[in-house]
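Colleague: Please read through the structure below; I'll follow up with questions.
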Amino acid sequence: MDDMGEQPHPFSRRVIIVSGKGGVGKSTVAAAMGVVAARLGKKTLIIELAGQATMAQLLGGDPSGYTVVERRPNLYTQSVTPAQAMQEYLVRELHSKFLYQIAFKNRFIAPFINAVPGLDDLVSIGKVMDVERTRTRDGRPEWDVIVVDAPSTGQGLNLLRVPKAMMDMTGSGPFFRNTKLIHDLLGDAARTIVHLVTLPEEMPVNETIETYHRIEEETNVAQGAIIVNHIRTPGFSDPELQGLEFIAGIKDSSPLRTDTVLRQVAGSVLQLERRARLEQGYLARLEAKIPLPLVPLPALPARDLGPSDIDGIANRLSAGFGVEPGVDS
Amino acid sequence: MSREFSLSELLERSLIICAGSGGVGKTTIAASLALLGAKRGLKVLVLTIDPARRLADSLGVGPIGNQAVRIDPERLRRLGVPEGGELWAIMLDAKRTFDDLVERYAPSREVADRILANRYYQQISKSMVGSQEYMAMEHLLSAYEKGYHDLVILDTPPSRHALDFLNAPSRIRGVLEEGVLNWLLKPSSFLLKRMQRTAGVSDRTSFLETIERVIGLGMIRDLSEFVVLFKDMLGDFKDRASGSQALLAADDTRFVLVTSPNTVAVQEAAFFRDQLEKRGLPFGGFMVNRVLPLAAGDTSQAELEGLRTMDTPSWYRLFPLEPPGGMTRQDYLQTLDKLKASLDTLPTIAAIDRTNMRWLQDQGGGDHLFVQIPELPFDVHDLDGLDALGRLLQAPARALPRPIERGAS
């Protein structure tokens, strides 16, 4: 594992994997990570493996799917489903698209392929490796930074664990060698890092602590930071909180319209404040249990996040990771 | 809007399935519904996969495997559960359950042991998407068939997509489908031979070996063994899966979708509701957790704007002159100042929640339950907490107000 004392620059790694369970805002964080890298002048590709193509909404522009699209200067995105990654791999290995189709697109074989444990995750991370190995004509890496919006299966752990598991089952042969290349890329702390995204709530926090330990124990991947999304900051002191409770309570029985409104207002503020305080407790728990930097991101009052929100989150990430915010060109 | 289905009517059913994505309080709400049922004198069983084990502790049941455990009747009496009312819980361990099934249906102990030791079996039984869900259904069916309980409540596994639960039986059946297995074991077909020649494999190798060359799993022996061993059990497995399906679609079953008011969560809940309809499964209603009082209430944007723009002396006059006991005047005034300042962002937050809920309610269609649950000021981790949540679930339903009109200022 990485020596805590000598962390390389957070954006010097080529492959930055953004992982975590579903619904915690992984894609949002991946988009903002991409923006930060691109602002640092790095040619950046965001690969969505999470199954939904959301980068168009988050970064602006038209939905593109599998096609690589430039969203901003230096910032490109691509969405790859396991089926596409599988096809790409099999067509290459079988040397024929026709054979791929007759063999793997029929109703007898498809369920079988789907049932092979871990194959989805393996071809997905294999795709990332292919991208990482892509070179320009003069032999330099095509991409300076590849941000991976990881799938959520198995708390995001499967993607990191699958090469080792497959190697254990195979033992030798071309497939083994291929898988080992992926394994080596993941395990090279100079090239690959994984960040975990979570929410300041009980279950996600407990699961993140567990996932952190399992990544340490079951994989060879270096871990970067814990990114805690959607944090509300407490705004009231203890006596003030008491004051809020008093107001919410004293208006309880009043029939006056204004008092009804004030009751709802005070009750809502109270609810948000209590939630914010609980969240601080969960942050403290993460800090105590995981020896990685925490990067907090604030809750944004918006129904659907868009490009300007992502810029704001990118600023927060820059600050959280201690890199120069730079200027978005 | 049509008449709302009441909570009482819901609790008269014999099976309630609580579905929804993780992190919205689904487990807690399922347990709270179960307690409400027991308080009506019913014998209730709640099945849950509770990774945190917190609920297990709070119910007074330790890590107990897949056995139904009865909650201490004395503790229930104190909460007002009448004579005859019982609360039971099962905490599911998916891996254990799959093994149980193999042991139950294997023709002999020897076959069971060989399957349990098979590497391919070990992989699919723990890592395959849907195995947890499938097993939850299997347990549900067993509990239901025993017929002891008046009401069974299932808390579905906390998958990213609640839909995994509905897809599980067909997905697993697809894998075990005889057609697939036979095809894999059959001698090579014409197409396969062509493919094998092109891929540089001899005609004599089996299809599985060709696959191995490309996806290189090195698991052929394990897989063939698994397929051969499992063949005899297929019929039983498929019967169980069909039984579970029938139970889900029964007249006396209701699906309750638990969500929070946030945008992603309500979209997922509405999507799930559509899927229920497409599959002919009975929808019972939405339960929206963590709703702000302002989002649930009838306050208009104009009223909030009036308060926001009020001058400070007038604002102060809306409140009692004297601070509550033990509070300094300065702290009191500061509280009032901050409360007023919160009006800059609060209306937007409440408007988003309210718009989302209104939208969700419109997706519900006809006769269904729509419950808004305010956030509890504490985490539920004991029976008293479940009881307090139960009282909130029962709070009389109000018509949902029109959305706070936005953009007025």
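As given, the protein sequences belong to chains U and P, one line each in that order. Under the working numbering, the first sequence has 311 at position 311, and the numbering climbs by one with no breaks. Under the working numbering, the second sequence has 584 at position 255, and the numbering climbs by one with no breaks. Each residue gets a CB set at the ideal place from its N, CA and C atoms; glycine is no exception.
1) Could you pull the start and end residues of the alpha helix (DSSP H) that Q574 (chain P) belongs to?
2) If you measure from the beta carbon of S268 (chain U) to each beta carbon in chain P, is any gap under 8 angstroms?
3) Which first and last residues belong to the beta strand (DSSP E) in which W417 (chain P) is found?
4) How would you call R161 (chain U), buried or exposed, if buried means at least 16 neighbouring beta carbons within 10 angstroms?
5) Determine whether the Cβ of Q271 (chain U) lies closer than 8 angstroms to any Cβ atom of chain P.
6) With distance defined between alpha-carbon atoms, name the residue in P:I345, P:T377, P:A418 nearest to A465 (chain P).
7) Taking the straight line between their C-alpha atoms, what separation do you get for D311 (chain U) and V410 (chain P)?
8) If we define contact as Cβ-Cβ less than 8 angstroms, is D708 (chain P) a contact residue for chain U?
9) Give the DSSP-derived three-state secondary structure of M203 (chain U) in the structure shown.
10) Buried or exposed, going by whether 16 or more other CB atoms sit within 10 Å of the CB of K127 (chain U)?
11) Between V91 (chain U) and chain P, is there a C-beta pair that is closer than 8 angstroms?
12) Have a look at U:Y66, U:K164, U:I215, U:E142 and flag the residue whose alpha-carbon is nearest the alpha-carbon of P82 (chain U).
13) Using Cβ-Cβ distances below 8 angstroms, what residues of the stretch 638–658 of chain P are close to chain U?
14) At which residues does the beta strand (DSSP E) containing F600 (chain P) begin and terminate?
15) Report yes if the CB atom of P301 (chain U) is closer than 8 angstroms to the CB atom of A225 (chain U), and no otherwise.
16) Quick one: give me the first and last residue of the alpha helix (DSSP H) that T67 (chain U) is part of.
17) If A359 (chain P) and D484 (chain P) are in contact, beta carbons under 8 angstroms, what's the gap, nearest whole angstrom?
18) Considering only residues of the same chain and omitting the five flanking positions on each side of G20 (chain U), which have a CB-CB separation below 6 angstroms?
19) Got a sec: is the Cβ-Cβ distance from E554 (chain P) to anything in chain U below 8 angstroms?
20) Less than 8 angstroms between the beta carbons of V131 (chain U) and I47 (chain U), yes or no?
21) So, at 6 angstroms on beta carbons, what are the nonlocal neighbours of T357 (chain P) in its own chain, with the 5 sequence-adjacent residues on each side left out?
22) Classify D711 (chain P) as helix, strand or coil using the three-state DSSP reduction.
23) Less than 8 angstroms between the beta carbons of I346 (chain P) and L374 (chain P), yes or no?
24) Among the residues of its own chain, which have a CB less than 6 angstroms from the CB of S517 (chain P), if the five just before and after it don't count?
25) Can you grab the Cα-Cα spacing for the pair G320 (chain U) / P402 (chain P), in whole Å?
26) Skipping 5 residues on each side, what residues in its chain have a beta carbon closer than 7 angstroms to that of Y450 (chain P)?
27) Alpha carbon to alpha carbon, how far is L159 (chain U) from E218 (chain U)?
28) For a test of the three-state rule: what should DSSP assign to I293 (chain P), helix, strand or coil?
29) Any idea what DSSP makes of P652 (chain P), helix, strand or coil?
30) With H, G and I counted as helix, E and B as strand and the rest as coil, what does DSSP make of V80 (chain U)?
31) To the nearest angstrom, how far is it from the Cα of L336 (chain P) to the Cα of S12 (chain U)?
32) Considering Cα atoms alone, identify which of P:T592, P:E606, P:A570 is closest to F584 (chain P).
33) Rounded to whole angstroms, what is the Cα-Cα separation between L408 (chain P) and S589 (chain P)?
34) Would you call the stretch 222–242 of chain U and the stretch 653–665 of chain P touching, i.e. three or more CB-CB distances under 8 angstroms?
35) Is the CB of V593 (chain P) under 8 angstroms away from at least one CB in chain B?
36) Using a Cβ-Cβ cut-off of 8 angstroms, state whether A679 (chain P) counts as contacting chain U.
Modeller: Looking at the coordinates:
1) The sequence position of residue 574 (chain P) within the second sequence is 245, counting from 1. Start and end: 563–577.
2) For the purposes of this step, residue 268 (chain U) is taken as the residue at position 268 of the first sequence. At least one chain P Cβ lies under 8 angstroms of S268 (chain U).
3) In the second sequence, residue 417 (chain P) corresponds to position 88, counting from 1. Segment 415–420, the beta strand (DSSP E) holding W417 (chain P).
4) Mapped onto the first sequence, residue 161 (chain U) falls at position 161. Buried, by the Cβ-count rule.
5) Here residue 271 (chain U) refers to the residue found at position 271 when the first sequence is read from its first residue. True, the Cβ-Cβ gap to chain P drops below 8 angstroms.
6) Within the second sequence, the letter at position 136 stands for residue 465 (chain P). Looking at the Cα atoms, P:T377 is the closest of the given residues.
7) Mapped onto the first sequence, residue 311 (chain U) falls at position 311. Mapped onto the second sequence, residue 410 (chain P) falls at position 81. Roughly 55 angstroms separates the two Cα atoms.
8) The residue labelled residue 708 (chain P) in the question sits at position 379 within the second sequence. Yes, D708 (chain P) lies at the interface with chain U (some Cβ there is under 8 angstroms from its Cβ).
9) Taking the first residue of the first sequence as 1, we reach residue 203 (chain U) at position 203. Looking at M203 (chain U) - three-state DSSP - the assignment turns out to be helix.
10) One-based indexing of the first sequence puts residue 127 (chain U) at position 127. With 16 or more Cβ atoms within 10 Å of its Cβ, K127 (chain U) is classed as buried.
11) Taking the first residue of the first sequence as 1, we reach residue 91 (chain U) at position 91. Residue-level contact check: V91 (chain U) does not touch chain P, since none of the beta carbons of chain P fall below 8 angstroms from its beta carbon.
12) Translated into positions along the first sequence, residue 82 (chain U) becomes position 82. Ranking the options by Cα distance to P82 (chain U), first place goes to U:Y66.
13) Within the stretch 638–658 of chain P, L647, F648, P649, P652, P653, G655, M656, T657 place their CB atoms closer than 8 angstroms to a CB of chain U, listed in sequence order.
14) Here residue 600 (chain P) refers to the residue found at position 271 of the second sequence. For F600 (chain P), there is no enclosing beta strand (DSSP E); the residue is found in the alpha helix (DSSP H) stretching over 592–607.
15) For the purposes of this step, residue 301 (chain U) is taken as the residue at position 301 of the first sequence. For the purposes of this step, residue 225 (chain U) is taken as the residue at position 225 of the first sequence. No, Cβ-Cβ distance for P301 (chain U) and A225 (chain U) is not below 8 angstroms.
16) By one-based count along the first sequence, residue 67 (chain U) stands at place 67. That residue, T67 (chain U), is in no alpha helix (DSSP H); it is neither H nor E in DSSP.
17) Here residue 359 (chain P) refers to the residue found at position 30 when the second sequence is read from its first residue. Here residue 484 (chain P) refers to the residue found at position 155 when the second sequence is read from its first residue. The pair is a contact, with the Cβ atoms about 4 angstroms apart (cut-off 8 angstroms).
18) Within the first sequence, the letter at position 20 stands for residue 20 (chain U). Same-chain partners within the cutoff: K26, G156, L196, V197, T198.
19) Taking the second sequence and counting its residues from 1, the one referred to as residue 554 (chain P) is at position 225. Taking CB atoms only, E554 (chain P) has no neighbour in chain U less than 8 angstroms away.
20) Along the first sequence, one-based indexing puts residue 131 (chain U) at 131. Along the first sequence, one-based indexing puts residue 47 (chain U) at 47. Cβ distance < 8 angstroms, so V131 (chain U) and I47 (chain U) count as in contact.
21) Your numbering for residue 357 (chain P) matches position 28 in the second sequence. Listed in chain order, the non-local C-beta contacts of T357 (chain P) below 6 angstroms within the same chain comprise V709, local neighbours out to five positions each way being set aside.
22) Counting from 1 along the second sequence, the entry for residue 711 (chain P) is found at position 382. Residue state, collapsed to three classes: coil.
23) Residue numbering aside, residue 346 (chain P) sits at position 17 when the second sequence is read from its first letter. Residue numbering aside, residue 374 (chain P) sits at position 45 when the second sequence is read from its first letter. No, the pair does not count as a contact, with Cβ atoms beyond the cut-off.
24) Numbered from 1 along the second sequence, position 188 holds the residue referred to as residue 517 (chain P). Reliability of the predicted coordinates at S517 (chain P) is poor, the pLDDT of 48 falling under 50, and the value obtained from them is presented with this limitation in mind. For S517 (chain P), where only same-chain residues beyond five positions count, there are no Cβ hits under 6 angstroms.
25) Working through the first sequence from its first residue, we reach residue 320 (chain U) at position 320. Working through the second sequence from its first residue, we reach residue 402 (chain P) at position 73. Roughly 52 angstroms between the two C-alpha positions.
26) As a first step, residue 450 (chain P) must be located in the second sequence, where it is residue number 121. I444, F555, listed in sequence order.
27) Position 159 of the first sequence, counting from 1, holds the residue named residue 159 (chain U). Position 218 of the first sequence, counting from 1, holds the residue named residue 218 (chain U). Note on geometry: alpha-carbon atoms of L159 (chain U) and E218 (chain U) lie some 12 angstroms from one another.
28) Any answer about residue 293 (chain P) is impossible in this case: the structure gives chain P only from 330 up to 738.
29) Sequence index remark: in the second sequence, residue 652 (chain P) carries index 323 (1-based). P652 (chain P): coil per DSSP, three-state reduction.
30) In the first sequence, counting from the first residue as 1, residue 80 (chain U) sits at position 80. Three-state DSSP puts V80 (chain U) in coil, outside helix and strand.
31) Reading the second sequence from its first residue, position 7 is the one you call residue 336 (chain P). Reading the first sequence from its first residue, position 12 is the one you call residue 12 (chain U). Rounded to whole angstroms, L336 (chain P) to S12 (chain U) spans 56 angstroms at the Cα level.
32) To locate residue 584 (chain P), count along the second sequence from 1; it is residue 255. F584 (chain P) has its Cα closest to that of P:E606, out of P:T592, P:E606, P:A570.
33) In the second sequence, counting from the first residue as 1, residue 408 (chain P) sits at position 79. In the second sequence, counting from the first residue as 1, residue 589 (chain P) sits at position 260. Taking the CA atoms as reference points, L408 (chain P) sits about 28 angstroms from S589 (chain P).
34) Verdict: yes, contact present.
35) Given the protein chain composition of this structure (U and P), no chain B is represented.
36) The sequence position of residue 679 (chain P) within the second sequence is 350, counting from 1. So, interface residue.
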